[in-house]
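Below is one structure, written out as C-alpha cells; comments come after it.
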Amino acid sequence: MLALLDRPRFPFLALAVVGTGLLGFGLYLQHVVGLEPCPMCIMQRYAFATAVVLALVAGVHASTGRMRTGYGVMLALLALAGGGVAARQSWIQRFPPDIATCGPGLEYLMESFPLTEAFPMIFRGAGDCSAIDWSLLGLSIANWSLLSFAGVLLLALHVIFRPLRAH
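Quick note on the numbering used here: the sequence shown kicks off at 107 and runs consecutively.
In C-alpha cells, the structure reads:
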C-alpha cells in the first residue's frame, strides 16, 4: 500500500477521492442533519475544497520533479492554513469565551466589512464557533477537521521529500 504513494498520480487522486467524501459528509451534516456551519467551519471547508481541486489537478497532470514538488508545497500550505483555523476553533471549543454570543455569518462579514476587518472577526470566533453540535468518538467536527488537515500535510510532505520510484 505504501508503495502506491510513490506513484505520480496515486497520492493526489486518493486525496481527491477521500476529500470529496469528507466534503460530502460536511454538506450532509449541513443540509440533511441541519447543522449550520460557523464562519470558521466555512473557512475550513474552503481550504479543504481548494486542496481537493488542487489534488485532482495534480493527479490528472501526473507530474514529476519540480511540478510534483510544487503541488506538494501548495497542498502543504493549504493544510497549514486550514489546520490553523481548525486548531483555533478546537481551542475556542475547549476554552470558550466567558461571554459567547452568536456572531454574524461569513457572508455578512465579507459583504459588510473590508477584508482587513472581516478576517480578524472570523478568526476571533463567535458563540456558534464554540458550540459542539456533533461529535464522533469524543471529537468535534473541528477536531476531525484538524486531523484531516494533518493527514493532508503528511501526504504533502511525503510528496515533497520522497522521490518517485522508477516503474
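Cβ coordinates follow ideal geometry from the N, Cα and C atoms, glycine included.
Under DSSP, Leu245 shares a beta bridge with Leu242. For the 8 Å CB-CB criterion, Val258 and Leu121 form a contact.
Using a Cβ distance threshold of 8 Å, Gly189 and Leu252 count as a contacting pair.
For Gly176, the enclosing alpha helix (DSSP H) covers residues Arg172 to Arg200. With fewer than 16 other CB atoms across the displayed protein chains lying within 10 angstroms of its CB, Gly140 is exposed.
Shown here, Phe219 sits in coil according to DSSP, grouped into three states, outside any helix or strand. Put simply, the backbone Cα of Thr170 is about 43 Å away from that of Phe219. In this chain, the alpha helix (DSSP H) harbouring Gln150 covers Pro145 to His167. Collapsing the DSSP output to three states places Leu252 in a helix.
Taking 8 Å as the cut-off, the Cβ atoms of Ala262 and Leu181 count as close.
Under the DSSP assignment, Val123 falls in the alpha helix (DSSP H) whose first and last residues are Phe116 to Tyr134.
The beta carbons of Val158 and Thr126 sit closer together than 8 Å. The beta carbon of Phe255 sits closer than 7 Å to the beta carbons of Ala185, Gly188, Gly189 and Ala192 from its chain, once the five residues preceding and following it are set aside; these are given in chain order. The residues Ala262 and Ile266, in chain order, have a CB closer than 8 Å to that of Val179 in the same chain once the five nearest residues on each side in sequence are set aside. Going by C-alpha positions, Ile198 is about 25 Å away from Glu217. Excluding the 5 residues flanking it on each side, Thr175 has same chain C-beta neighbours closer than 7 Å at Ile266, in chain order.
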